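S.K.: Before I ask anything, let me first share the structure, which is written out below as structure tokens.
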Amino acid sequence: MAVGGVGRGGGKGRAGGAKGASGPSGAAGASFGGKVDRTESLVGPSGLVGSSNVQGPQATDPIAAQALAIAKRLKNGGFKSKEEATKALVSEVLQEKLNMKSAALTGRIAGALQDDPRLNQVLERLWSKAE
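Position one of the sequence shown corresponds to residue 44 (this note's numbering), numbered consecutively onward.
Structure follows, in structure tokens:
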């Protein structure tokens with residue numbers, strides 16, 4: 044098998060390169076592989092194909108859905124500050140994951156989230172995702 048299009052006269056308008064097991068008649072196989080690679084980037088972690096600019100951000104995880112709802116409430120004026128929204132988010136996570144409600148623990152975790160620059164940046168991105 045030849046590696047490139049040497050001696051074929053240019054052929055079907057595609058560049059040379061390694062050929063598959065089917066040799067020169069494998070044009071369908073080469074184009075199929077390219078199509079699969081292009082669509083892989085659209086498939087999310089859930090296996091569903093996402094499309095941009097069709098709908099706003101959607102969350103399948105209940106905590107992610109609650110986080111987006113809190114972000115929307117923050118944007119619409121439901122919270123006085125981002126700190127208050129962060130405390131509400133931490134409280135929701137504690138309630139959902141640990142079945143626990145503690146104002147002191149919520150305050151300490153929210154404070155730690157806001158003090159860490161990397162985590163604070165993640166919070167800012169979350170707050171900006173509100174429609």
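Beta carbons: idealized from backbone N, C-alpha and C, even for Gly. All values derive from a computational prediction rather than experimental measurement.
Determine whether the beta carbon atoms of A128 and L117 lie at a separation below 8 Å.
M.R.: The count along the sequence shown starts at 1 and reaches residue 128 at position 85. The count along the sequence shown starts at 1 and reaches residue 117 at position 74. In contact: A128 and L117 (Cβ atoms closer than 8 Å).
S.K.: Thinking C-beta only, is L156 closer than 8 Å to L148?
M.R.: Mapped onto the sequence shown, residue 148 falls at position 105. Mapped onto the sequence shown, residue 156 falls at position 113. No, Cβ-Cβ distance for L148 and L156 is not below 8 Å.
S.K.: Using the beta-carbon count (16 or more within 10 Å), is K144 buried or exposed?
M.R.: Position 101 of the sequence shown, counted from the first residue, corresponds to residue 144. Exposed, by the Cβ-count rule.
S.K.: Tell me, to the nearest whole angstrom, how far the beta carbon of T126 is from that of A153; I am working on the premise that it is less than 8 Å.
M.R.: On the sequence shown, position 83 is the one that residue 126 refers to. On the sequence shown, position 110 is the one that residue 153 refers to. A small fix is needed here, since residue 126 is Glu in this sequence, not Thr. The pair is a contact, with the Cβ atoms about 7 Å apart (cut-off 8 Å).
S.K.: How many Å lie between N96 and A173 at the Cα?
M.R.: As a first step, residue 96 must be located in the sequence shown, where it is residue number 53. As a first step, residue 173 must be located in the sequence shown, where it is residue number 130. With a pLDDT of only 49 at N96, under 50, the local geometry of the prediction cannot be trusted, and the value read off the model is given with reservation. C-alpha separation (whole angstroms): 14 Å.
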